[in-house]
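Asker:
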Amino acid sequence: MRLLVFLFSLLWLSPIHASNNVLDSLLAPKQDTFLPVDEAFKFDFDQQGNILFIGWDIEPGYYIYQKKLEIIAKEAEIKIPDFADGEIIEDEFFGKTPVYFDSFSVVSKLSDIKDDAVVKVRYQGCAEAGLCYPPEVITIPLTKLVNTNAETSTGNNSAPVAQDTTTIGGENKELSFAEQLAQQSFLTNLAIFFAVGVGLAFTPCVFPMFPILSSLIAGQQGLSTKKAFRLSFVYIQGMAVTYAALGLVVAALGGQVQGYIQHPAVLISFSLLFVLLAMSMFGWYEIKLPSSMMNKLTSVSNKQQGGSYFGVFSMGVLSGLIASPCTTAPLSAALLYVAQSGDYVVGGVTLYVLSLGMGLPLLLLGTSGGKLLPKAGGWMEQVKTLFGFIMLVVPLILLERILDFDTILLLAAGLMAATALYLHYWQSTQTAGKLKTLLWASASVLLLVSALTTKHVLLPNQNTTVQSTDAVSKKEFNLIADLAALKTATNEANDNGQIAMVDLYADWCVACKEFEKYSFPAENVQAEFKHFSLLKLDLTETNETSIEIMEEYTVFGLPSILFFDKQGNEVPELRVTGFLDADDFAAHLQKVRTALQ
Numbered sequence: 004m005r006l007l008v009f010l011f012s013l014l015w016l017s018p019i020h021a022s023n024n025v026l027d028s029l030l031a032p033k034q035d036t037f038l039p040v041d042e043a044f045k046f047d048f049d050q051q052g053n054i055l056f057i058g059w060d061i062e063p064g065y066y067i068y069q070k071k072l073e074i075i076a077k078e079a080e081i082k083i084p085d086f087a088d089g090e091i092i093e094d095e096f097f098g099k100t101p102v103y104f105d106s107f108s109v110v111s112k113l114s115d116i117k118d119d120a121v122v123k124v125r126y127q128g129c130a131e132a133g134l135c136y137p138p139e140v141i142t143i144p145l146t147k148l149v150n151t152n153a154e155t156s157t158g159n160n161s162a163p164v165a166q167d168t169t170t171i172g173g174e175n176k177e178l179s180f181a182e183q184l185a186q187q188s189f190l191t192n193l194a195i196f197f198a199v200g201v202g203l204a205f206t207p208c209v210f211p212m213f214p215i216l217s218s219l220i221a222g223q224q225g226l227s228t229k230k231a232f233r234l235s236f237v238y239i240q241g242m243a244v245t246y247a248a249l250g251l252v253v254a255a256l257g258g259q260v261q262g263y264i265q266h267p268a269v270l271i272s273f274s275l276l277f278v279l280l281a282m283s284m285f286g287w288y289e290i291k292l293p294s295s296m297m298n299k300l301t302s303v304s305n306k307q308q309g310g311s312y313f314g315v316f317s318m319g320v321l322s323g324l325i326a327s328p329c330t331t332a333p334l335s336a337a338l339l340y341v342a343q344s345g346d347y348v349v350g351g352v353t354l355y356v357l358s359l360g361m362g363l364p365l366l367l368l369g370t371s372g373g374k375l376l377p378k379a380g381g382w383m384e385q386v387k388t389l390f391g392f393i394m395l396v397v398p399l400i401l402l403e404r405i406l407d408f409d410t411i412l413l414l415a416a417g418l419m420a421a422t423a424l425y426l427h428y429w430q431s432t433q434t435a436g437k438l439k440t441l442l443w444a445s446a447s448v449l450l451l452v453s454a455l456t457t458k459h460v461l462l463p464n465q466n467t468t469v470q471s472t473d474a475v476s477k478k479e480f481n482l483i484a485d486l487a488a489l490k491t492a493t494n495e496a497n498d499n500g501q502i503a504m505v506d507l508y509a510d511w512c513v514a515c516k517e518f519e520k521y522s523f524p525a526e527n528v529q530a531e532f533k534h535f536s537l538l539k540l541d542l543t544e545t546n547e548t549s550i551e552i553m554e555e556y557t558v559f560g561l562p563s564i565l566f567f568d569k570q571g572n573e574v575p576e577l578r579v580t581g582f583l584d585a586d587d588f589a590a591h592l593q594k595v596r597t598a599l600q
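Quick note on numbering: the numbering used here labels position 308 of the sequence shown as 311, and the sequence is numbered without any gaps.
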């Protein structure tokens, strides 16, 4: 009995302390008045022997950042002249910045051109009306010179140009897990992703799906095990469709899409939706479709032999959308693998199989639910209300990425207190028995945890271990504005004989705040910090700067802590993704020092 009560309380607490990460505005409203990037900035090139002409015809109202221009040759040498002076504008994110309007061109000299030589051109532009495009990369194939006097011409119409949004150059290595995936067969990877999905099913990202599916199963009358299995399977297919669509989008657009679905507008919209759904479960109102549509759906439902499969499928789709903004290290590696493949089949099938793995425990729960739940009766109204309270956990999980942690804790404490009061009311209607005892114990535990949580936030213990470290002299982080400043800072760190450590942070990242509160101030971590130059990049806002940084270092979620070697290159094998407590983080810093010093 006590174990059941303890597990019940953990179900409420663990999602609140979990780190639901990383990391973009894909779902934000489109501005149809803006031109596509290839029309706003019409790119052209021409190779005449060892001379390469590169240019842009820029539409009125658009411009290209001078500082975002990069031209890098692979398997060839290129001499690039200084870029022409641009027009200075006051940029919202970069301050006074040189940009190019109307047109811009560069004439470079090539030499030592080998087979498969290419030039990669990276640029980024914006519209004066307020839209900034993600960084673009164009790959120009070079023609090998027979001799330096050759007049071979390769123009934009005679050779294909590969354009994508991946980072250029060899500076950013793939994550080790993604590297292993790339070296294995597709079928082997599918088996791995299925196993990874099963593991993800027990993370806070998927917690909301358990009460959602349980409420759907509980709402069915005369439920057999076979029908419970069918309903659970349909629910999982809805979730799988969402993930398959995510895989297709990532394959098409690259990793930046993961940040778009964490946009505050998206998170707030889904939070409000679940609040409305919870209110309907409290009986405040009834959600109904128009009678004509309801009659058609009823007819279809009857043909399906007694189950609203369409509704269950739709809820599965919605649940997949809820969980998709969450990222963990395995899911990030999966998205990286898909983004690098650029293959629609790989993208869709990979995420579909991953979601099937996530759905396996849900399938077992739903199927057993049909067998274990008692017969329909008055108890269902109480269960329906209880699931309304449980459904309110979902907005907390979503909003913890944009609200401060203490606010989330107070909201959670209030929710636990309200649930405790309802459980107390429920037990008061019961005669003596196991159910009455369980309800009373659960209400007591929830009320106690609610009180302790409120005290923790409003009256923090000044004598705790974390607070005691306030007396220790702490090494502070230096805030970095953009990618250019980051590269400068990492070079300065190397000049000073220190290792550059970069903390990618966002206000909506709970684990980032846990790092700040629990790990960074610890004495053993502070002792290690003496060997590091501490840098911080704030990625709270979804803008061209945050997208560029996440693309540059193939980051799919926060927190991510990067470490740079003496050449100024990030070492992905040493990257930290997800929260580490003080002891584990200090041990990791020692590992970094051993590897890089």
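Heads up, the beta-carbon is just placed ideally off N, CA and C, and yes, glycines get one too.
Spatial neighbours of methionine 4 within its chain, please: CB distance less than 6 Å, with the 5 preceding and 5 following residues excluded, ordered by chain position.
Answerer: Legend: pLDDT at methionine 4 = 34, less than 50; position of this residue unreliable, no value from coordinates given.
Asker: Alpha carbon to alpha carbon, how far is threonine 146 from aspartate 60? Give it in angstroms, no decimals.
Answerer: Distance between the alpha carbons of aspartate 60 and threonine 146 is about 24 Å.
Asker: Which first and last residues belong to the alpha helix (DSSP H) in which alanine 530 is found?
Answerer: Residues 526 to 532.
Asker: Does the distance between the C-beta of valine 558 and the nearest non-hydrogen atom of the ligand NAP fall short of 6 Å?
Answerer: This structure simply doesn't include the ligand NAP, nor any ligand for that matter.
Asker: Considering only their Cβ atoms, is the gap separating leucine 449 from alanine 421 smaller than 7 Å?
Answerer: No, these two residues do not count as a Cβ contact at 7 Å.
Asker: Considering only residues of the same chain and omitting the five flanking positions on each side of serine 453, which have a CB-CB separation below 7 Å?
Answerer: Hits under 7 Å: Ala416, Met419, Ala420 and Ala423.
Asker: What is the C-beta distance between alanine 231 and threonine 370, in whole angstroms, given that I count them as a contact (C-beta under 8 Å)?
Answerer: Going by Cβ atoms, the distance from alanine 231 to threonine 370 rounds to 5 Å, so yes, they are a contact pair.
Asker: Rank Phe236, Asp587 and Tyr355 by C-alpha distance to the C-alpha of phenylalanine 313 and give the top, closest one.
Answerer: Measuring from the Cα of phenylalanine 313, the nearest candidate turns out to be Phe236.
Asker: Among all the DSSP beta bridges, which residues are the ones paired with proline 144?
Answerer: Answer by DSSP bridge pairing, in chain order: Val121.
Asker: Give me the Cα-Cα distance between glycine 52 and alanine 268, rounded to the nearest whole angstrom.
Answerer: Distance between the alpha carbons of glycine 52 and alanine 268 is about 52 Å.
Asker: Please list the terminal residues of the continuous alpha helix (DSSP H) segment that includes aspartate 586.
Answerer: Where aspartate 586 is concerned, the enclosing alpha helix (DSSP H) stretches over 585 to 599.
Asker: Kindly indicate the opening and closing residues of the beta strand (DSSP E) around valine 505.
Answerer: 502 to 508 is the span of the beta strand (DSSP E), which, as asked, contains valine 505.
Asker: Reducing DSSP to helix, strand and coil, say where asparagine 497 ends up.
Answerer: Reduced to three states, the DSSP call for asparagine 497 is helix.
Asker: Restricting to runs no shorter than 4 residues, where is the alpha helix (DSSP H) found entirely within the stretch 534 to 570?
Answerer: Taking only runs of at least 4 residues, the alpha helix (DSSP H) segments lying wholly in the stretch 534 to 570 are 547 to 555.
Asker: Could you spell out where the alpha helix (DSSP H) holding lysine 458 opens and where it closes?
Answerer: Segment 437 to 461, the alpha helix (DSSP H) holding lysine 458.
Asker: Tell me which residue opens and which closes the beta strand (DSSP E) that leucine 395 is part of.
Answerer: It is not in any beta strand (DSSP E) - leucine 395 carries neither H nor E in the DSSP assignment.
Asker: Give the DSSP-derived three-state secondary structure of proline 32 in the structure shown.
Answerer: Here the model assigns proline 32 a pLDDT of 34, short of 50, so the residue's position is not dependable and the matter cannot be decided.
Asker: Compare the Cα-Cα distances from glutamate 384 to each of Phe285, Asp407, Ile411 and Leu414 and report the closest residue.
Answerer: Nearest of Phe285, Asp407, Ile411 and Leu414 to glutamate 384, Cα basis: Phe285.
Asker: So if DSSP puts valine 109 in a beta bridge, which residue, or which two residues, is it bridged to?
Answerer: The partner list for valine 109 (beta bridge, DSSP) reads Ile57.
Asker: Thinking C-beta only, is alanine 87 closer than 7 Å to isoleucine 116?
Answerer: Taking 7 Å as the Cβ cut-off, isoleucine 116 and alanine 87 do not qualify as a contacting pair.
Asker: Is the separation between the beta-carbon of leucine 365 and that of valine 315 shorter than 7 Å?
Answerer: No, the pair does not count as a contact, with Cβ atoms beyond the cut-off.
Asker: Taking 6 Å as the limit between beta carbons, can you name the residues of its chain near valine 110, skipping five residues before and five after?
Answerer: If we look at valine 110 and ignore the five residues flanking it on each side, its Cβ neighbours are Phe56.
Asker: Candidates Met553, Leu599 and Ile75: which alpha carbon is nearest lysine 112's?
Answerer: The residue with the shortest Cα to Cα distance from lysine 112 is Ile75.
Asker: Between the Cα of proline 562 and those of Arg578, Pro144, Leu592 and Glu547, spot the shortest distance and give me the residue it belongs to.
Answerer: Of the listed residues, the one whose Cα sits closest to proline 562 is Arg578.
Asker: Evaluate proline 524 with the Cβ neighbour count: other Cβ atoms within 10 Å of its Cβ, from every protein chain shown; 16 or more gives buried, anything less gives exposed.
Answerer: Burial call: buried.
Asker: Express the C-alpha separation of lysine 458 and tyrosine 126 in angstroms, rounding to a whole number.
Answerer: The straight-line gap from Cα to Cα measures roughly 52 Å.
Asker: Classify valine 595: buried if its beta carbon has 16 or more other beta carbons within 10 angstroms, exposed otherwise.
Answerer: Valine 595 is buried by the Cβ-count criterion.
Asker: Which residues mark the beginning and the end of the alpha helix (DSSP H) in which isoleucine 271 is found?
Answerer: Taken as a continuous stretch (DSSP letters only), the alpha helix (DSSP H) holding isoleucine 271 covers 267 to 284.
Asker: Would you call the CB atoms of threonine 543 and aspartate 510 closer than 7 Å?
Answerer: Yes. Within cutoff.
Asker: For valine 140 and threonine 353, I'd like the C-alpha separation in whole angstroms.
Answerer: The alpha-carbon atoms of valine 140 and threonine 353 are separated by roughly 26 Å.
Asker: Considering only the alpha carbon of each residue, which of Leu270, Gly319, Pro101 and Phe44 lies closest to tyrosine 238?
Answerer: It is Gly319 whose Cα lies nearest to the Cα of tyrosine 238.
Asker: Assuming valine 505 contacts leucine 540 (C-beta within less than 8 Å), just tell me the rounded distance between them.
Answerer: Contact holds; Cβ gap of about 6 Å.
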